[in-house]
Amino acid sequence: MSMLLDTLSWVLLTLGGLSVLVGGIGALRMPDLYTRMHAASVTDSLGAILVLGGIMLQAGWSLATIKLIAILLFLLLTSPTSSNALASAALLAGTRPFAEAGQDEEAPK
Amino acid sequence: MIVIFGIFLLTLLVITAVAIVRTDNLFVAVMLMGIASLLIAANFFLLDAADVALTEAAVGAGISTVLFLGALALTSERERAKSSNRLLSFIVVAAAALILIYATFDKPRFGDPEAPVQTHVAPWYLEKTPEYIDIPNVVTAVLGSFRGYDTLGEVFVVFTAGIGVLFLLSGGKATGAVPEDKINEGLRHHLIPRVVGRVLIPFILLFGLYVQFHGEYGPGGGFQAGAIIAAAIILFALLEGEKRALSVLPERVLLGLMACGPLLYGAVGLAGILLGGNFLDYSVLSSDPVKGQQLGILLIEAGVGITVTGVLLAIFHAFAARGR
Amino acid sequence: MELLGLYNYWVFAVLLMIGFYAVVAKRNLVKKLIGLSLFQSAVFLLYITMGKVEGGTAPIFPEAGAAVFSNPLPQVLILTAIVVGISTTALGLGIVVRVKEEYGSIEEHEIQEIDER
Numbered sequence: 025m026s027m028l029l030d031t032l033s034w035v036l037l038t039l040g041g042l043s044v045l046v047g048g049i050g051a052l053r054m055p056d057l058y059t060r061m062h063a064a065s066v067t068d069s070l071g072a073i074l075v076l077g078g079i080m081l082q083a084g085w086s087l088a089t090i091k092l093i094a095i096l097l098f099l100l101l102t103s104p105t106s107s108n109a110l111a112s113a114a115l116l117a118g119t120r121p122f123a124e125a126g127q128d129e130e131a132p133k
Numbered sequence: 004m005i006v007i008f009g010i011f012l013l014t015l016l017v018i019t020a021v022a023i024v025r026t027d028n029l030f031v032a033v034m035l036m037g038i039a040s041l042l043i044a045a046n047f048f049l050l051d052a053a054d055v056a057l058t059e060a061a062v063g064a065g066i067s068t069v070l071f072l073g074a075l076a077l078t079s080e081r082e083r084a085k086s087s088n089r090l091l092s093f094i095v096v097a098a099a100a101l102i103l104i105y106a107t108f109d110k111p112r113f114g115d116p117e118a119p120v121q122t123h124v125a126p127w128y129l130e131k132t133p134e135y136i137d138i139p140n141v142v143t144a145v146l147g148s149f150r151g152y153d154t155l156g157e158v159f160v161v162f163t164a165g166i167g168v169l170f171l172l173s174g175g176k177a178t179g180a181v182p183e184d185k186i187n188e189g190l191r192h193h194l195i196p197r198v199v200g201r202v203l204i205p206f207i208l209l210f211g212l213y214v215q216f217h218g219e220y221g222p223g224g225g226f227q228a229g230a231i232i233a234a235a236i237i238l239f240a241l242l243e244g245e246k247r248a249l250s251v252l253p254e255r256v257l258l259g260l261m262a263c264g265p266l267l268y269g270a271v272g273l274a275g276i277l278l279g280g281n282f283l284d285y286s287v288l289s290s291d292p293v294k295g296q297q298l299g300i301l302l303i304e305a306g307v308g309i310t311v312t313g314v315l316l317a318i319f320h321a322f323a324a325r326g327r
Numbered sequence: 013m014e015l016l017g018l019y020n021y022w023v024f025a026v027l028l029m030i031g032f033y034a035v036v037a038k039r040n041l042v043k044k045l046i047g048l049s050l051f052q053s054a055v056f057l058l059y060i061t062m063g064k065v066e067g068g069t070a071p072i073f074p075e076a077g078a079a080v081f082s083n084p085l086p087q088v089l090i091l092t093a094i095v096v097g098i099s100t101t102a103l104g105l106g107i108v109v110r111v112k113e114e115y116g117s118i119e120e121h122e123i124q125e126i127d128e129r
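If you read the sequences in order, they're chains F, H and U.
If you read the first sequence in this note's numbering, its first letter stands for residue 25, the second for the next number, and so on.
If you read the second sequence in this note's numbering, its first letter stands for residue 4, the second for the next number, and so on.
If you read the third sequence in this note's numbering, its first letter stands for residue 13, the second for the next number, and so on.
Given below as structure tokens:
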């Protein structure tokens, strides 16, 4: 049983690491701010769930698991909000999306 | 495995530091500083310094970013000139770095339990804490009780910095760099951050209180709690606008918080004298010396938390309200 | 373990000098403050690295049994130092804001020119 849990948590952690890597590559290679944020959001949501899920399996039924669930809830609530705030701020500052003609490459890296 | 983690984090830290110095957009530099703070906090955790990691994350990645952004809003965002004497500075800096690296080969082996720093006073503190104070967190015990004077001085330093910033930023004319209606409006027209912020702020405050009172049993204490509670109220000020935030916590209250923290700390010290012991001697605060020590540490950590909250909020408002 | 230890000290030296370079060679006042902050962080790294004991844990007594602990004293010192560092940085930023209002610029050479006039 513990062998099964260990294997499962290994799988979850590896998949979480891979999705973080995918998010990072996307944040580097995408053409403009909005698509980069879209790629980075993969890290925030899928990466967080997989990695924290893997750690929760390692922790078993203990106080640490409850704290990890609280952290996961907090991350899932705040990361999309901050992406939204960032996108609104960029829109207000005048950064247009890549697909429009005559885009303004003012986006900070 | 820990070795690989450590090397990875440190290499990322150096790369981030080089990027901070090389970029000429100050906004980017401040954001990268937040990343560097989190990397350093993770590294502290690897080196078994849990309290320090919590403080670095709360203060460095949280409050420091907000203060720098507040200052950047009042000054310019881009660095303009090229640096002066670049080659000479680089040669001097590289020579100094090489000398330091050469000196590190003489240091005791990393983690050696017989190194001079581990055998001098530390075993005494680790041995006597359960006997005199009986709380699990040795760092809080040393900070609050064995080295209480140092912490008193440090609370006064934080207080002085708060007064200094208030003096500096309450005189002179404001540039009007940020128009007043923008400051007072906050993020009112943005629904999602406001709603999520309103849901989160009570929990952040609750967590700050938890960290404050849990400092004796785990990582935590006054400094971290002050930073977390200040961050919650700064979030409120950012979301609802300066005017609303100042009506919730007016400036008089902030000044009162700033002053009451060191006052509480000093009062606990004086209470020690009045009850027959020395200054900052907590053993006389209660009939049982160990309970007295625990009570004393609780009170002074509260004083520290109140000071840090008040000072950080006063500094934030001094920067944020400057456009008027 | 030995490589990690020496690597910690080398990163401290490199970070220290990067921060120092920013203070000395950059002309923008806020950049100098950022460099000073990096310098402080490097010093914190040095102290905490010196306090680590191999096989140790954080200096918090567990529920049961004794364990090997890392040195608590550098941690106490650095805890104080972090908060003092942010206080002085805040004060420095206040000064920079006032300099900008009085001189109109935060570049060092422009401020010197205005002063000499």
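Note that the Cβ used here is the ideal one computed from N, Cα and C, for glycine as well.
Here the structure is a predicted model, which is why all the values come from computation and not from measurement.
At a cut-off of 8 Å between beta-carbon atoms, H/N88 makes contact with chain U. Taking CB atoms only, H/T78 has a neighbour in chain U less than 8 Å away.
Around F/L101, the beta-carbon contacts reaching into chain H at under 9 Å are V199, V202 and L203. Approximately 5 Å separates the beta-carbon atoms of H/I232 and H/T312; this is inside 8 Å, confirming the contact. At least one CB atom of chain H sits nearer than 8 Å to the CB of F/T105.
Exclusion of the five residues before and after U/V108 leaves L41, V42, L45 and I118 as the residues of its chain whose Cβ lies within less than 8 Å of its Cβ. Following the DSSP letters along the chain, one finds F/M27 inside the alpha helix (DSSP H) bounded by residues S26 to R53.
Taking the CA atoms as reference points, F/L57 sits about 16 Å from F/S103.
H/R81 has H/N28 as its beta-bridge partners, per DSSP. Looking at H/D284, H/G244 and H/A52, the one whose alpha-carbon comes closest to that of H/G299 is H/D284.
Nearest to U/G116 by alpha-carbon distance, out of H/E59, H/T78 and H/V287, is H/T78.
By the Cβ test, the region 49–67 of chain H is not in contact with the region 81–101 of chain H, since fewer than three Cβ pairs between them sit closer than 8 Å. Residues of chain U with a Cβ closer than 7 Å to the Cβ of H/F216 do not exist; the shortest Cβ-Cβ separation is about 16 Å. Neighbourhood of H/I195 in chain F, by CB distance below 9 Å: P104, T105, N108, A109 and S112, in chain order. Interface residue (Cβ-Cβ distance to chain U less than 8 Å): H/P265 is not classified as such. Here H/P222 is buried, its C-beta having at least 16 other C-beta atoms within 10 Å. Under the DSSP definition of a beta bridge, U/T69 partners with U/F81. DSSP places H/E117 in the coil class of the three-state scheme, outside both helix and strand. According to DSSP, U/E119 shares a beta bridge with U/N40.
U/M29 is classed as buried because its beta carbon has at least 16 other beta carbons within 10 Å across all chains shown.
Three or more Cβ pairs drawn from the region 120–140 of chain H and the region 57–71 of chain U lie within less than 8 Å of each other, which places the two stretches in contact.
Taking the beta carbon of U/F51 as reference, no residue of chain H falls within 8 Å; the closest one sits roughly 10 Å away. Non-local C-beta neighbours of U/V95 in its own chain, meaning closer than 6 Å and more than five positions away in sequence, are absent. For H/P111, no alpha helix (DSSP H) encloses it, and the DSSP letter there is neither H nor E. Checking the DSSP bridge columns, you'll see H/N140 partnered with U/I72.
Pairing H/S289 with H/G280 gives a Cβ-Cβ distance that is not under 8 Å. Between H/P292 and chain U, the shortest Cβ-Cβ separation is not below 8 Å. Taking each of H/G218, H/F8, H/L258 and H/Q297 in turn and checking the Cα distance to H/T163, the smallest one comes out for H/L258. Under the three-state reduction of DSSP, H/V33 is assigned to helix.
A distance below 8 Å separates the beta carbons of H/V158 and H/P265. Going by DSSP, F/H62 is part of the alpha helix (DSSP H) stretching over L57 to V66.
When DSSP states are grouped into helix, strand and coil, H/V124 belongs to the coil group. Separation of F/I49 and H/Y105 (C-alpha to C-alpha, rounded to the nearest whole angstrom) is 37 Å. When the alpha-carbon of H/L101 is set against those of U/Y19, U/N20, U/A25 and U/G17, the nearest one is in U/A25. Ranked by how close their Cα comes to the Cα of H/G269, the residues H/V251, H/Y213 and H/Y152 have H/Y152 in first place. Rounded to whole angstroms, the gap between the alpha carbons of F/G78 and F/T38 is 9 Å.
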